[in-house]
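With the first letter of the sequence shown counted as 1, position 133 gets the number 132 in numbering that gives the first Met the number 0; the numbers rise by one all the way through.
These notes concern the structure reproduced below.
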Amino acid sequence: MGLVALGVTGGIGAYKAVEVARGLQKRGHEVVAVMTHSATRFVGAVTFEAITRRRVITDQFEDGMNADIEHIALASTIDLLLIAPATANIIGKLANGIADDFLSTLYTATRAPLLIAPAMNTQMFAHEAVRRNLDTLAARGARFVEPGEGYLACGWIGKGRLAEPDEIVAAADAILRPEGPLRGQRVLVAAGPTYEDFDPVRYIGNRSSGRMGYAIAAEAARRGAAVTLVTGPTTIEAPAVREVVKVRGAGEMHQAVMARAGGMDVVVMAAAVADYTPVNRAAQKVAKDADTLTLVLKKTPDILGELGQRRLAAGSGPVLVGFAAETEDVIAHASAKRERKHADLIIANDVSRTDAGFDVDTNAVTIVAASGAESLPLQSKARVAAAILDRVERLLTSRAIKA
Ligand code: PMT
């Protein structure tokens with residue numbers, strides 16, 4: 000059962016959102032209604048309050064409601080942001096990152112999946128600007144309940160009428176209770192680089208873009224898993240998963256992963272974690288007076304190795320998947336790494352290729368398991384992610400059979 004923020008914007012279909020709220024509750028979900036100012040002109044906040052039995056949010060800066068910055072507090076607790084009806088205006092704001100009221104601010108602050116039920120005049124729905132904004136949101140992972148066709152309140156006949164409440168509720172329910180082979184499984188994915196600071200402006204980093212790990216997180220979520228993504232600094236958009244934890248250095252990544260790994264069924268370490276970090280971080284910017292600069296580095300904690308040791312000692316624990324970025328003897332090095340770190344799978348990528356490994360959309364990997372190695376052709380990281388999760392599913396199934 001999930002908590003749904005039901006965004007209601009200013010369209011004639013706003014009255015149908017009351018039925019949507021009721022339908023969600025009937026399916027066991029909790030609803031908090033967030034109304035834009037224009038929505039309140041079509042239907043009263045008190046109607047939603049009576050149905051949801053929660054205060055209805057209509058204003059960003061209501062007196063007495065700002066002690067714990069409400070949009071941030073709500074953003075981290077909701078399981079779904081559903082906007083029904085969604086006007087061309089809110090769609091434009093979300094697509095372009097405009098956050099000038101509670102609902103649009105909530106969107107930028109939350110990592111919960113977004114479901115949009117657009118409703119507007121036929122011509123508006125077909126307008127290039129609206130289409131482009133819808134495409135932008137779709138590319139970010141937003142899902143839609145298409146508007147219906149027929150007589151519109153404005154007198155036109157065509158596409159634009161808010162979808163029926165039952166249809167909207169079913170679409171929301173499907174997101175909140177995803178079907179799929181990984182349904183009920185908790186998957187942690189660590190992705191991206193780590194940055195090891197040695198003064199306030201400089202760091203040692205690497206070329207990981209996060210793409211490989213993000214593709215695994217997205218695919219695991221699509222298969223129904225509750226996904227936690229622990230990510231180093233990246234410039235790409237995180238997929239819509241249960242939790243995104245942003246970290247910077249290897250120490251922070253270590254802490255974030257170890258704190259959560261106990262509750263996981265699967266941990267995938269796709270991150271390129273720094274092996275060494277500066278012993279000291281200078282408080283002030285290091286001056287460039289000298290011709291050479293010597294940095295003294297110390298080893299970082301081996302997160303995957305520690306998880307492997309922990310599982311060995313406990314006799315049980317999550318399925319462990321690691322990656323190996325290699326430039327020579329790829330399979331031999333990956334096999335040795337798998338044994339040393341007590342992982343189930345090591346995904347070896349030959350990072351000497353320009354079309355595989357770091358910062359490209361494709362990868363060519365060999366999946367190394369105790370039973371042998373399987374080399375896959377060059378393909379998109381999304382497809383590599385699917386192949387890895389197929390193997391993970393097989394491991395989970397064979398564990399369940401043995402248990
Ligand atoms: O992010 P992209 O641009 O898409 O690129 C993807 C990738 C090349 C970064 C990815 O596919 C990959 O290979 N990640 C692992 C790179 C790496 O650090 O390999 P490694 O051989 O140094 O480490 C082996 C394993 O131990 C990895 O799972 C790593 O996450 C883990 N490790 C390493 C060091 C450390 N201190 N702790 C760890 O847990």
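Using N, Cα and C, we set each Cβ at its ideal position, and we do this for glycine too.
No experiment lies behind these values; they were computed from the predicted model shown.
Are the CB atoms of residue i and residue j nearer to each other than 7 Å?
i: Leu80; j: Ala111; result: yes
i: Arg300; j: His341; result: For the record, residue 300 in the displayed sequence is Pro; it is not Arg. Taking 7 Å as the Cβ cut-off, Pro300 and His341 do not qualify as a contacting pair.
i: Ala87; j: Thr135; result: no
i: Lys297; j: Val285; result: no
i: Val391; j: Val265; result: yes
i: Ala419; j: Ile77; result: For residue 419 there is no data in the structure shown, the boundaries of the chain being 0 and 402.
i: Thr276; j: Glu338; result: no
i: Val270; j: Asn205; result: Looking at the sequence provided, one finds Ala at residue 270 rather than Val. Contact flag unset, no.
i: Ala116; j: Ala83; result: yes
i: Gly20; j: Thr46; result: The amino acid occupying residue 20 in the given sequence is Ala; Gly does not appear at that position. No, the pair does not count as a contact, with Cβ atoms beyond the cut-off.
i: Thr227; j: Ala190; result: no
i: Gly1; j: Leu175; result: yes
i: Ala224; j: Val188; result: no
i: Leu344; j: Thr361; result: no
i: Gly179; j: Arg222; result: yes
i: Ala38; j: Gly12; result: no
i: Ala273; j: Ala255; result: no
i: Gly321; j: Leu306; result: no
i: Ile330; j: Thr365; result: yes
i: Gly96; j: Asn132; result: no
i: Ala171; j: Leu114; result: yes
i: Pro146; j: Ala118; result: yes
i: Leu394; j: Val295; result: no
Grab the span of the beta strand (DSSP E) containing residue i for me, first residue to last.
i: Arg110; result: Per DSSP, Arg110 belongs to no beta strand (DSSP E) and is neither H nor E.
i: Glu218; result: Segment Arg210 to Arg221 is the alpha helix (DSSP H) holding Glu218; no beta strand (DSSP E) there.
i: Glu163; result: Glu163 -> no beta strand (DSSP E), and no H or E assigned at all.
i: Met268; result: Val265 to Met268
i: Arg185; result: Arg185 to Ala190
i: Gly149; result: Gly147 to Tyr150
i: Thr233; result: No beta strand (DSSP E) contains Thr233, which DSSP labels as neither H nor E.
i: Lys245; result: Glu242 to Lys245
What is the residue span of the alpha helix (DSSP H) that residue i lies within?
i: Ala14; result: In the sequence on display, residue 14 carries Tyr and not Ala. Its alpha helix (DSSP H) spans residues Ala13 to Lys25.
i: Leu93; result: Ala87 to Asn95
i: Arg382; result: Lys380 to Lys401
i: Arg131; result: Glu127 to Ala138
i: Ala403; result: Nothing can be reported for residue 403, as the shown portion of the chain is limited to 0 through 402.
Put residue i into one of helix, strand or coil per three-state DSSP.
i: Val3; result: strand
i: Gly9; result: coil
i: Ala206; result: The question names Ala, but residue 206 in the sequence shown is Arg. If DSSP states are grouped into helix, strand and coil, Arg206 belongs with coil.
i: Leu377; result: coil
i: Val272; result: coil
i: Leu175; result: helix
i: Ala116; result: strand
i: Phe197; result: coil
i: Val367; result: strand
i: Leu79; result: strand
i: Phe143; result: strand
i: Ala419; result: Outside the displayed span of the chain (0 to 402) sits residue 419, for which this structure offers no information.
i: Thr291; result: coil
i: Ala170; result: helix
i: Ala225; result: strand
i: Thr361; result: strand
So is the beta-carbon of residue i under 6 Å away from any non-hydrogen atom of the ligand SAM?
i: Arg210; result: The ligand SAM is not part of the structure shown, which contains the ligand PMT as its ligands.
Where in the stretch 293-352 do unbroken runs of the alpha helix (DSSP H), each at least 4 residues long, occur, reported from the N-terminal end onward? Every alpha helix (DSSP H) stretch that sits fully inside the stretch 293-352 and reaches 4 residues is listed by chain position as 302-313 and 329-340.
Do the stretch 316-328 and the stretch 345-364 meet, that is, are 3 or more Cβ pairs less than 8 Å apart? Enough Cβ pairs lie closer than 8 Å, so yes.
Quick one: which unbroken alpha helix (DSSP H) runs of 4-plus residues sit fully inside the stretch 25-53? Chain order, please. Counting only runs of at least 4 residues, the stretch 25-53 fully encloses the following alpha helix (DSSP H) elements, listed from N- to C-terminal order: 44-51.
Examine the Cβ distances between the stretch 230-248 and the stretch 197-212 and report whether three or more of them are shorter than 8 Å. Using a Cβ-Cβ distance cut-off of 8 Å, the stretch 230-248 and the stretch 197-212 are in contact, since at least three pairs of beta carbons, one from each stretch, lie closer than that value.
Give a yes or no on contact between the stretch 154-165 and the stretch 260-271, applying the rule of three or more CB pairs nearer than 8 Å. Because the criterion of three Cβ pairs below 8 Å is not met, the stretch 154-165 and the stretch 260-271 do not touch.
Does the contact criterion of 3 or more C-beta pairs under 8 Å hold for the stretch 192-199 versus the stretch 155-170? Taking one beta carbon from each stretch, the stretch 192-199 and the stretch 155-170 have fewer than 3 pairs nearer than 8 Å; the two do not touch.
Say whether the stretch 365-380 touches the stretch 161-181, bearing in mind that this needs 3 or more beta-carbon pairs closer than 8 Å, one atom from each stretch. No, because fewer than three Cβ pairs between the stretch 365-380 and the stretch 161-181 fall closer than 8 Å, the two stretches do not touch.
Any contact of the stretch 50-58 with the stretch 27-36, i.e. 3+ C-beta pairs under 8 Å? Touching, yes.
Counting beta carbon pairs with one atom in the stretch 239-251 and one in the stretch 214-224, are three or more of them shorter than 8 Å? Enough Cβ pairs lie closer than 8 Å, so yes.
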